[in-house]
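*Asks:* Residue numbers (this note's numbering), protein chains in the order written: chain E, 1 to 127; chain H, 128 to 254; chain P, 255 to 381; chain G, 382 to 508.
4 protein chains.
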Amino acid sequence: MTTLGAALERVSPGEVVIAFTHRDELTQQHGFLHAGVMTSVADSACGYAALSLMEPGVGVLSVEFKVNMLAPAVGERFIATGRVVRSGRTLTVCAGEVTTERDGRTVAVLLMQATMMAVRGKAEVAD
Amino acid sequence: MTTLGAALERVSPGEVVIAFTHRDELTQQHGFLHAGVMTSVADSACGYAALSLMEPGVGVLSVEFKVNMLAPAVGERFIATGRVVRSGRTLTVCAGEVTTERDGRTVAVLLMQATMMAVRGKAEVAD
Amino acid sequence: MTTLGAALERVSPGEVVIAFTHRDELTQQHGFLHAGVMTSVADSACGYAALSLMEPGVGVLSVEFKVNMLAPAVGERFIATGRVVRSGRTLTVCAGEVTTERDGRTVAVLLMQATMMAVRGKAEVAD
Amino acid sequence: MTTLGAALERVSPGEVVIAFTHRDELTQQHGFLHAGVMTSVADSACGYAALSLMEPGVGVLSVEFKVNMLAPAVGERFIATGRVVRSGRTLTVCAGEVTTERDGRTVAVLLMQATMMAVRGKAEVAD
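1. Return the CA-CA distance between residue 459/G and residue 75/E, expressed in angstroms with no decimal places.
2. Given a limit of 8 Å on CB to CB distance, which residues of the stretch 308 to 331 of chain P reach chain G?
3. Thinking just about the alpha-carbon of each residue, which of 393/G, 440/G, 427/G and 401/G is nearest to the one in residue 495/G?
4. On the CB-based measure, 16 or more other CB atoms within 10 Å of its CB, does residue 12/E come out buried or exposed?
5. Let's see if you can read the secondary structure: which residues bound the alpha helix (DSSP H) around residue 293/P?
6. Name the one or two DSSP bridge partners that residue 148/H has.
7. Does DSSP put residue 66/E in a helix, a strand or coil?
8. Along the stretch 164 to 178 of chain H, where does the CB come closer than 8 Å to a CB of chain E? Name the residues.
9. Around the C-beta of residue 445/G, are 16 or more other C-beta atoms found within 10 angstroms, so that it is buried, or is it exposed?
10. For residue 483/G and residue 461/G, what's the separation of their Cα atoms in angstroms?
11. Hey, could you find the ends of the beta strand (DSSP E) residue 325/P is sitting in?
12. In whole angstroms, what separates the C-alpha of residue 44/E from that of residue 486/G?
13. I'd like to confirm the pairing. Which residues does DSSP put opposite residue 15/E in its beta bridges?
14. Starting from residue 360/P, follow the beta strand (DSSP E) in both directions and report where the run begins and ends.
15. Check whether the Cβ atoms of residue 70/E and residue 116/E lie closer than 8 Å to each other.
16. What first and last residue would you give for the beta strand (DSSP E) that runs through residue 97/E?
17. Give me whichever residues DSSP pairs with residue 342/P in a beta bridge.
18. Does the ligand PLP have even one heavy atom less than 7 Å from the beta-carbon of residue 233/H?
19. Does any residue of chain G bring its CB to less than 8 Å from the CB of residue 115/E?
20. Using the C-alpha atoms, what's the distance from residue 469/G back to residue 108/E?
21. Mapping DSSP to helix, strand and coil, what is residue 459/P?
22. For residue 72/E and residue 40/E, what's the separation of their Cα atoms in angstroms?
23. How many Å lie between residue 182/H and residue 94/E at the Cα?
24. Cα-Cα, which of 133/H, 217/H and 246/H is closest to residue 164/H?
25. Spatial neighbours of residue 471/G within its chain, please: C-beta separation below 7 Å, excluding the five flanking residues on both sides.
26. Chain E beta carbons: is any one of them nearer than 8 Å to that of residue 149/H?
27. Given this structure, state the Cα-to-Cα distance separating residue 193/H from residue 276/P, to the nearest angstrom.
28. Please report how far the alpha carbon of residue 289/P lies from the alpha carbon of residue 184/H, in whole angstroms.
29. Measuring straight from C-alpha to C-alpha, what distance separates residue 432/G and residue 440/G?
30. Could you name the residues of chain E that residue 241/P contacts, counting a contact when the two beta carbons are closer than 7 Å?
31. Counting only C-beta atoms, is residue 462/G closer than 8 Å to chain E at any point?
32. Taking CB distances under 8 Å as the criterion, tell me whether residue 218/H reaches chain P.
33. Could you check the C-alpha separation between residue 273/P and residue 142/H for me, to the nearest Å?
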């Protein structure tokens, strides 16, 4: 997240917002932000959102996620929101979104659907 | 890709291999590589694989992808492979994978299924 | 849809609602509705939602979708909603959901994220 | 599966093959098999593949899956294959595929990536 210049903007139970800004070294061949960068931040927002509903001492790991790119990631500042859709003891399903401001209006650039797993004790993905 | 320390390893028609190495600033809270980093490289491998079957002058954009984390991304060196499953004039479906060597054997850490779009002229995602 | 006992409940620009009822031959080994049945209806709701924003004479095909099962599909009557998130000339991104009523409250049982393609002339998936 | 006219063709540890035939009531508006039908069978093949590697007495539920349609589902007989990519105590990641024979060659019509969950005792999705 430091590499991406991202900062936690808001944390409420079941919803987390992360803001990050455009940096030239994160652009891809067409000049806009790489899909992977936006995905990383959306994944983090979803992970923290899942974590916000778990009991203290529990960790969280991404089981899987799916993203759709909705618009070219052109912009100066991006907002990633992760929201818990269904919270279970082991698995949590989240919806994520990345938006930017363009010409005074909010443009959605990425949509995510993700599954997070609570990790109690030893961490192992796909366990 | 430069930020991620990644390098194109092999390009053949319909299949691209990218190698990248572990860097401390890309790790997440559990000490292994962030899911987003592995996803970025797998996405690039799939994108280049799709591009390798398109006619000259055409660009490629990620429409969407879905990844499963298969094992903790612990390792020094990772290999991302993107392979075209179905190539069409507008859309190309790819399968991606990230592996690492651990104790002398290959461990799969990420599995991707992605849709890429050929861009002729003006680039617009979800167009 | 006839096989599934489904009926179009509401069509508005960019949003379509389909209702369907539980039928014994559609249950799986645990006694609740098969994931594929709910997926079929959610896919149809998303497809019609995409179609509702396209010009007359255009067809629609599912490019891909991803679903999360949120709760066991126990219930008598289910509601599938498809909603357009991003509409483009060729591709449309939709969000789908299936809910049921249980003990007087709405329970979400399936969450979908889908990509639909406009078909002008000859229909070809992944074209 | 009976409604779909499907039959288990082969079961080996970590891989399951289900065959099914075209039936007119399962076609969609363009005259080929509905995406949901193929998805249902691929989901079942993946579920059984996951189950084939679990200890006796354990059940399996679909956590989530993502499918890409690769070609129009025109054909008489379809083969769905589910294969375990990564097997864990709780979660199993599977790859699925549906193919058909057309003009003497095998055509892939659907590609799936799925997460299955072992159910020990009380069944609850997203638990």
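Ideal Cβ positions, reconstructed from N, Cα and C, are used throughout, including at glycine.
*Replies:* In short:
1. On the fourth sequence, residue 459/G is found 78 positions in, with the first residue counted as 1. On the first sequence, residue 75/E is found 75 positions in, with the first residue counted as 1. C-alpha separation (whole angstroms): 46 Å.
2. 313, 315, 316, 317, 318, 319, 320, 321, 322, 323, 324, 325 and 326
3. One-based indexing of the fourth sequence puts residue 495/G at position 114. Minimum Cα distance to residue 495/G is reached at 427/G.
4. Working through the first sequence from its first residue, we reach residue 12/E at position 12. Exposed is the call here.
5. Reading the third sequence from its first residue, position 39 is the one you call residue 293/P. Element bounds for residue 293/P: 289 to 305.
6. Here residue 148/H corresponds to residue number 21 of the second sequence, with the count starting at 1. The partner list for residue 148/H (beta bridge, DSSP) reads 204/H.
7. In the first sequence, residue 66/E corresponds to position 66, counting from 1. Strand, per DSSP.
8. 164, 166, 167, 168, 170 and 171
9. Locating residue 445/G in the fourth sequence gives position 64, counting from the first residue. By the neighbour-count rule (16 or more Cβ atoms within 10 Å), residue 445/G is buried.
10. Locating residue 483/G in the fourth sequence gives position 102, counting from the first residue. Locating residue 461/G in the fourth sequence gives position 80, counting from the first residue. Answer to the nearest angstrom: the Cα atoms are 15 Å apart.
11. Within the third sequence, residue 325/P is the residue found at index 71, counting from 1. Note, residue 325/P: premise wrong, no beta strand (DSSP E); not H, not E.
12. Start at 1 with the first residue of the first sequence, and residue 44/E comes out as number 44. Start at 1 with the first residue of the fourth sequence, and residue 486/G comes out as number 105. If I take the Cα positions, the gap works out to 44 Å.
13. If you number the first sequence from 1, residue 15/E lands on position 15. Its beta-bridge partners are 12/E and 83/E.
14. Translated into positions along the third sequence, residue 360/P becomes position 106. First-last of the beta strand (DSSP E) with residue 360/P: 359 to 373.
15. As a position in the first sequence, residue 70/E is number 70, starting the count at 1. As a position in the first sequence, residue 116/E is number 116, starting the count at 1. With contacts defined as CB atoms closer than 8 Å, residue 70/E and residue 116/E fail to qualify as a contacting pair.
16. Along the first sequence, one-based indexing puts residue 97/E at 97. Segment 91 to 102, the beta strand (DSSP E) holding residue 97/E.
17. The residue labelled residue 342/P in the question sits at position 88 within the third sequence. Bridge partners of residue 342/P: none, in fact.
18. For the ligand PLP, the structure offers nothing, since it holds no ligand at all.
19. Within the first sequence, the letter at position 115 stands for residue 115/E. Residue 115/E counts as touching chain G.
20. Translated into the one-based positions of the first sequence, residue 108/E becomes position 108. Translated into the one-based positions of the fourth sequence, residue 469/G becomes position 88. Residue 108/E and residue 469/G have their C-alpha atoms spaced approximately 36 Å apart.
21. The question about residue 459/P has no answer here: the residues shown for chain P are numbered 255 through 381.
22. Within the first sequence, numbered from 1, the residue matching residue 72/E stands at position 72. Within the first sequence, numbered from 1, the residue matching residue 40/E stands at position 40. Their backbone Cα atoms lie some 16 Å apart in a straight line.
23. By 1-based counting over the second sequence, the position of residue 182/H is 55. By 1-based counting over the first sequence, the position of residue 94/E is 94. Straight across, the Cα-Cα distance linking residue 182/H with residue 94/E is about 39 Å.
24. As a first step, residue 164/H is located in the second sequence; it is residue number 37 there, counting from the start. When each option's Cα is compared against that of residue 164/H, the closest is 133/H.
25. Here residue 471/G corresponds to residue number 90 of the fourth sequence, with the count starting at 1. Cβ neighbours of residue 471/G beyond the five flanking positions: 498 and 499.
26. Walking along the second sequence from the start, residue 149/H turns up at place 22. No, residue 149/H does not count as interfacial toward chain E.
27. As a working note, residue 193/H is residue 66 in the second sequence. As a working note, residue 276/P is residue 22 in the third sequence. Those two C-alpha atoms are separated by around 30 Å.
28. Along the third sequence, read from residue 1 onward, the residue named residue 289/P stands at position 35. Along the second sequence, read from residue 1 onward, the residue named residue 184/H stands at position 57. For residue 289/P and residue 184/H, the distance between alpha carbons rounds to 43 Å.
29. The residue you call residue 432/G lines up with position 51 of the fourth sequence. The residue you call residue 440/G lines up with position 59 of the fourth sequence. So the alpha carbons of these two residues sit roughly 7 Å apart.
30. Look at the range of chain P in this structure, 255 to 381, and you will see that residue 241/P is not part of it.
31. Counting from 1 along the fourth sequence, the entry for residue 462/G is found at position 81. No, its Cβ sits nowhere closer than 8 Å to a Cβ of chain E.
32. Taking the second sequence and counting its residues from 1, the one referred to as residue 218/H is at position 91. Chain P contact via Cβ: present.
33. Counting from one through the third sequence, the residue named residue 273/P turns up at place 19. Counting from one through the second sequence, the residue named residue 142/H turns up at place 15. The straight-line gap from Cα to Cα measures roughly 44 Å.
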